[in-house]
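Structure first, commentary second.
Protein chains: 2
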Amino acid sequence: MNVELEPLRIEPGYRKVAAALTERILDRSLPAGVHMPPEIELARQLGVHRSTVREALRELETNGLLERRRGSKRMVVTRPANNAVAEGVRRALSLSDVSFQHVWEAMTMIEPPLAEAAARRHEPASLTALEDAAAQFRAHNADTQVVGRSEAVREVADFFRRLGDCAANPVLILAQEPLLQLLEPSLDAMIDQVPQARARIVTAERRIVEAVRARDAASARDWMAKHIRDFKRGYELAGMSLLQPVG
Amino acid sequence: MNVELEPLRIEPGYRKVAAALTERILDRSLPAGVHMPPEIELARQLGVHRSTVREALRELETNGLLERRRGSKRMVVTRPANNAVAEGVRRALSLSDVSFQHVWEAMTMIEPPLAEAAARRHEPASLTALEDAAAQFRAHNADTQVVGRSEAVREVADFFRRLGDCAANPVLILAQEPLLQLLEPSLDAMIDQVPQARARIVTAERRIVEAVRARDAASARDWMAKHIRDFKRGYELAGMSLLQPVG
DNA sequence: AGCTCATTAATTGTCCGACAATACTACAAT
DNA sequence: ATTGTAGTATTGTCGGACAATTAATGAGCT
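Protein chains in written order, with our numbering: chain A, 51 to 297; chain B, 51 to 297.
If you want it as C-alpha cells, here you go:
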C-alpha cells in the first residue's frame, strides 16, 4: 500500500492560546463588552507564561475580537460586525491594484438591486437612520458650511451602509463592505475637483430616500443607478482616468 | 481661544514595530518570498526588545503578511490573497444569524451580472480555469462516481470563484467572497436531500461555460440566473425552510 | 448620603536574561 | 547518493523585574 501521510501540523502554544480565547469569545462565555481578565490571570489559568498569553492577545486584537477603549488600559471583548471584513479588504487590496473602473462596475451591479431591496424591506428604525445619514450629508455640505473632504466621503459611504441596513440582509451588507472601503479613497481623489459633486450627491440621496420611504422599489433602483452613474461622470469631469489605481 | 485638543493616541511600541515592518513589506523593500531576518536582529535594528518584536510579528502573521511554511522555523514574507476576507466573514457571520434566503437573494443580485462581465472579459487562462472547474465537478459527480458532500460543495463554490477571475475585477471578487463562504454550508445541508441536484448543477455549469466561451453575455447572465433559481428550488424540493439559519 | 481628592493597588508595556527544542548547515561515513 | 553526526542559528517559552498609568479605595468635606 502506498499511504501518503501528510505532515501533521504542530502548533506553537501562543496559537493554541489564541484559539482557546477565540472560542470562548465566540461562544459567548466571554460576552461582548466585558473586560478581559488580566494577562497574568489568563496565564495562570492556561498554565503558560504571560509572554505567551500576550502574543495570543495580539492575534485576537488584530482579529478585532478585542479592542482597547480610548486611553483605557484593559482590553474589552467585542464582536466584530461588518468591519471585520474591512481589515481583510484593506490588506487584500494593498496587493492588487484596484482602479475606479473596478469599483464603479461593482457598484453598478450591486447597489441598484440593493436599493430596491431596501425600499421593499426597510423598517422604521433603519429608515430613520437612512434619513439621518442623508440629512447629515446635506447639512454638512450646504453652501454655507462645507465639511472636510475625508469626512464628506465617509458620510457618503455611511449612506450606503444605512441603505444596506434597510435591505436587512447581512450577506449583502458584508458583500457591500469591500466596495465602500474602496469607494472612500476613490471619492476622496475626485470630490474636490468637481464643484457640483456635493450638490449632486445631496440630490441623489434625497431622491433615493424618498423612493425608499414610499416603498417605490423601481424608483429607488433608478435613482441609485443614476447616483452611481454620477460618480463616473465626476471622474470624467475631473479629467481623471478611470483606470488609475485608487488609494 | 478655544482650542479643543483631542486625546492624542499614544501607540504602544509593538504596534509601531508592526507598522514599520508592514510598511517595509508593502513597499517591497522586504520582498515576498524571502525569509524574515531573525527576531533578535530585528530587535537590534529597531532598538527594542525581542519580546516586543515578537508581539509585532504575531500581528503581521494574523494579517497574513507573514506565513510559516510547513514545519519551517523562520517565517516568510507573503502577499495576502482574497481569502484574507474569509476569516473576517466567518467571524462576522457567527454572530448574526444568516438564512439561506439571505444568501440566495445576494446571489441573485450579484452573480448574473458577474457572469455577464465574465463573458465579456475573460482571458484564455481564466477561461481554462473555469472550464477545468466545471469539468472537475462533472467528473466527480457523474453517476458512476460521486464524491463526498463537502468536497462537492467546495467545487461548486470554486466554480463561482473561477467565474470571478474571468470577470477580472478584484472588487467583485472580494464582494463575492462572503456569499461563497456562506454558500458552502447552505448547499451542504441541501445537496444530498435532492437526488437530481448534482446533475442540474452539472448542466447549469456547462451552459454557463459555453456562454462565457462564446462571449455571449446575455446568455451567460440568463443561465446563471437559472442556476441560482435552482438552488432555491432545491431547498423547496428538500422541504427545508428558506429561513432557517445556515451553518 | 453624595462628592472631591489623595493614596494605594492592579495592570499593562517593556525590558533583561535564560534555556530547551529543533531546523539548518557542513561534513564524514557507508 | 543516501545516511549519520556534530555544531550553529533561531524560535518558543519561561522566570522575573520595573516604570507608567489606570482603576479602586478610603478620607475628608458639604
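Built from N, CA and C at the ideal position, the CB exists for glycine as well. Small disclaimer: the values here were computed from a predicted structure and weren't measured.
inquiry  = Below 7 Å on C-beta distance, what does Thr112(A) contact in chain B?
reply    = Taking the first residue of the first sequence as position 1, residue 112(A) is located at position 62. For Thr112(A), the neighbours in chain B by C-beta distance under 7 Å run, in chain order, Glu109, Thr112 and Asn113.
query = Hey, Met40(B) and Pro162(B) are a contact pair by Cβ (cut 8 Å); roughly how many whole angstroms apart?
reply = Residue 40(B) lies beyond the stretch modelled for chain B, which goes from 51 to 297, so this question has no answer here.
request  = Just mark Arg74(B) as buried or exposed, buried being the case when its beta carbon has 16 or more other beta carbons within 10 Å.
outcome  = Position 24 of the second sequence, counting from 1, holds the residue named residue 74(B). By the 10 Å Cβ count, Arg74(B) comes out exposed.
inquiry  = Taking the alpha-carbon of Glu286(B) as reference, which of Ala268(B), Ala93(B) and Leu237(B) has the nearest alpha-carbon?
reply    = Your numbering for residue 286(B) matches position 236 in the second sequence. Answer by Cα proximity: Leu237(B).
ask   = Beta-carbon separation of Leu293(B) and Phe187(B) under 9 Å?
value = Looking up residue 293(B) in the second sequence gives position 243. Looking up residue 187(B) in the second sequence gives position 137. The answer is no: Cβ separation not under 9 Å.
message = Quick check on the burial criterion: 16 or more other C-beta atoms within 10 angstroms. Buried or exposed for Arg78(B)?
response = Residue numbering aside, residue 78(B) sits at position 28 when the second sequence is read from its first letter. Under the 10 Å beta carbon count, Arg78(B) is surrounded by fewer than 16 other beta carbons and is classified as exposed.
key: Sequence-distant residues of its chain with Cβ nearer than 7 Å to His85(B) (five each side left out)   = Reading the second sequence from its first residue, position 35 is the one you call residue 85(B). Only residues of its own chain outside the window of five on either side were considered, and among them Arg124 and Val126 have a CB closer than 7 Å to the CB of His85(B), listed in chain order.
inquiry  = Helix, strand or coil, according to DSSP, for Glu117(A) in the structure here?
reply    = Here residue 117(A) is taken as the residue at index 67 of the first sequence, counted from 1. When secondary structure is reduced to three states using DSSP, Glu117(A) falls in the strand class.
request  = For the alpha helix (DSSP H) containing Asp238(B), list its first residue and its last residue.
outcome  = The residue given as residue 238(B) occupies position 188 in the second sequence. Pro220 to Met240 is the span of the alpha helix (DSSP H), which, as asked, contains Asp238(B).
ask   = Can the beta-carbon of Gly284(B) be found less than 9 Å from the beta-carbon of Arg250(B)?
value = The residue you call residue 284(B) lines up with position 234 of the second sequence. The residue you call residue 250(B) lines up with position 200 of the second sequence. Result yes, Cβ atoms of Gly284(B) and Arg250(B) sit closer than 9 Å.
request  = Under 9 Å between beta-carbons, which chain A residues line up against Glu117(B)? List them in chain order, please.
outcome  = For the purposes of this step, residue 117(B) is taken as residue 67 along the second sequence, with counting starting at 1. At a C-beta separation below 9 Å, Glu117(B) has no neighbours in chain A, since its nearest C-beta there lies roughly 13 Å away.
Listed by chain order, chain A residues near Ser101(B) by CB distance under 7 Å = Locating residue 101(B) in the second sequence gives position 51, counting from the first residue. For Ser101(B), the residues of chain A that pass the 7 Å Cβ criterion are Ser101, in the order they occur in the chain.
message = Please report the distance separating the alpha-carbon of Asp266(A) from that of Ala254(A).
response = Working through the first sequence from its first residue, we reach residue 266(A) at position 216. Working through the first sequence from its first residue, we reach residue 254(A) at position 204. Rounded to whole angstroms, Asp266(A) and Ala254(A) show a C-alpha spacing of 15 Å.
query = Can you tell which of Ala288(B), Arg171(B) and Ile258(B) has its C-alpha closest to the C-alpha of Val244(B)?
reply = For the purposes of this step, residue 244(B) is taken as the residue at position 194 of the second sequence. It is Ala288(B) whose Cα lies nearest to the Cα of Val244(B).
inquiry  = Just to confirm before moving on: does the CB-CB distance between Ile258(B) and Ala165(B) stay below 9 Å?
reply    = Indexing the second sequence from 1 puts residue 258(B) at position 208. Indexing the second sequence from 1 puts residue 165(B) at position 115. Yes. Within cutoff.
query = Per DSSP, Pro295(A) forms a beta bridge with which residues?
reply = If you number the first sequence from 1, residue 295(A) lands on position 245. Answer is Ser149(A), bridged to Pro295(A).
Three-state secondary structure assigned by DSSP to Val127(B) = Indexing the second sequence from 1 puts residue 127(B) at position 77. Strand.
query = Taking just the CA atoms, how far does Leu213(A) sit from Ser301(A)?
reply = Here chain A covers residues 51 to 297 and nothing more, so residue 301(A) does not appear.
Sheet register partners of His85(B) (DSSP bridge) = Translated into positions along the second sequence, residue 85(B) becomes position 35. For His85(B), which the question treats as bridged, DSSP gives the partners Val126(B).
query = Do Val221(B) and Pro228(A) come within 9 Å of each other at the CB atom, strictly closer than that value?
reply = For the purposes of this step, residue 228(A) is identified with residue 178 of the first sequence, where counting begins at 1. For the purposes of this step, residue 221(B) is identified with residue 171 of the second sequence, where counting begins at 1. The Cβ atoms of Pro228(A) and Val221(B) sit closer than 9 Å to each other.
Proximity to Val153(B) [Cα-Cα], best of Tyr64(B), Ala168(B), Pro235(B) and Glu89(B) = Within the second sequence, residue 153(B) is the residue found at index 103, counting from 1. Taking only the C-alpha atoms, the option nearest Val153(B) is Pro235(B).
inquiry  = What does the Cβ neighbour count give for Ile278(A), buried or exposed, with the cut at 16 atoms within 10 Å?
reply    = For this step, residue 278(A) is matched to residue 228 along the first sequence. Classification for Ile278(A): buried.
query = Are the C-beta of Gln95(A) and some C-beta of chain B separated by less than 9 Å?
reply = Numbered from its first residue, the first sequence carries residue 95(A) at position 45. No, Gln95(A) lies away from the interface with chain B (no Cβ there is under 9 Å from its Cβ).
ask   = Nearest to Ala167(A) by alpha carbon, out of Ala169(B), Ala156(B), Gln231(B) and Ala167(B)?
value = What you label residue 167(A) is simply residue 117 of the first sequence in a count that begins at 1. Comparing Cα-Cα distances from Ala167(A) to each of Ala169(B), Ala156(B), Gln231(B) and Ala167(B), the minimum goes to Ala156(B).
Within chain A, the residues that Arg212(B) reaches when beta carbons sit closer than 8 Å = The residue labelled residue 212(B) in the question sits at position 162 within the second sequence. Those do not exist, as Arg212(B) stays about 17 Å from chain A at its closest Cβ, beyond 8 Å.
ask   = Hey, quick one: how far does the alpha helix (DSSP H) through Arg78(A) stretch, first residue to last?
value = Residue mapping note: residue 78(A) aligns to position 28 of the first sequence, counting from 1. First-last for Arg78(A): undefined, no H or E at that position.
ask   = Straight-line CA distance for Val296(A) to Met290(A)?
value = Locating residue 296(A) in the first sequence gives position 246, where the first residue counts as 1. Locating residue 290(A) in the first sequence gives position 240, where the first residue counts as 1. Taking the straight line joining both Cα atoms gives about 11 Å.
message = Just to confirm, is the Cβ distance from Leu224(B) to Ala207(B) under 9 Å?
response = For this step, residue 224(B) is matched to residue 174 along the second sequence. For this step, residue 207(B) is matched to residue 157 along the second sequence. In this structure, Leu224(B) lies away from Ala207(B), with their beta-carbon atoms at least 9 Å apart.
key: Residue interval of the alpha helix (DSSP H) (run including Asp280(A))   = Translated into positions along the first sequence, residue 280(A) becomes position 230. Its alpha helix (DSSP H) spans residues Ala267 to Leu287.
message = What residue range does the alpha helix (DSSP H) around Ile174(B) cover?
response = Counting from 1 along the second sequence, the entry for residue 174(B) is found at position 124. In the sequence under discussion, the amino acid at residue 174(B) is Pro, which differs from the Ile named in the question. Where Pro174(B) is concerned, the enclosing alpha helix (DSSP H) stretches over Pro174 to His190.
ask   = Which one of Gly114(A), Cys216(A), Phe281(A) and Arg271(A) has the shortest CA to CA distance from Ala82(A)?
value = The residue you call residue 82(A) lines up with position 32 of the first sequence. A check of alpha carbon separations from Ala82(A) across Gly114(A), Cys216(A), Phe281(A) and Arg271(A) identifies Gly114(A) as the nearest.
task = Within 10 angstroms of the Cβ of Glu61(B), are there 16 or more other Cβ atoms? Answer buried if so, exposed if not.
result = Here residue 61(B) corresponds to residue number 11 of the second sequence, with the count starting at 1. With fewer than 16 Cβ atoms within 10 Å of its Cβ, Glu61(B) is classed as exposed.
inquiry  = Starting from Ile251(A), trace the alpha helix (DSSP H) in both directions and tell me its first and last residue.
reply    = Locating residue 251(A) in the first sequence gives position 201, where the first residue counts as 1. In this chain, the alpha helix (DSSP H) harbouring Ile251(A) covers Ala247 to Arg263.
ask   = Does any C-beta atom of chain B lie closer than 9 Å to the C-beta of Pro81(A)?
value = Counted from its first residue, the first sequence places residue 81(A) at position 31. Not closer than 9 Å to any Cβ of chain B, the Cβ of Pro81(A) fails to qualify, so no.
query = Can you tell me whether DSSP reads Pro162(A) as helix, strand or coil?
reply = Against the first sequence, residue 162(A) aligns to sequence position 112. Here Pro162(A) sits in helix by DSSP.
message = What does the alpha-carbon distance come out to for the pair Leu230(A) and Ile90(A)?
response = Taking the first sequence and counting its residues from 1, the one referred to as residue 230(A) is at position 180. Taking the first sequence and counting its residues from 1, the one referred to as residue 90(A) is at position 40. Leu230(A) and Ile90(A) have their C-alpha atoms spaced approximately 40 Å apart.
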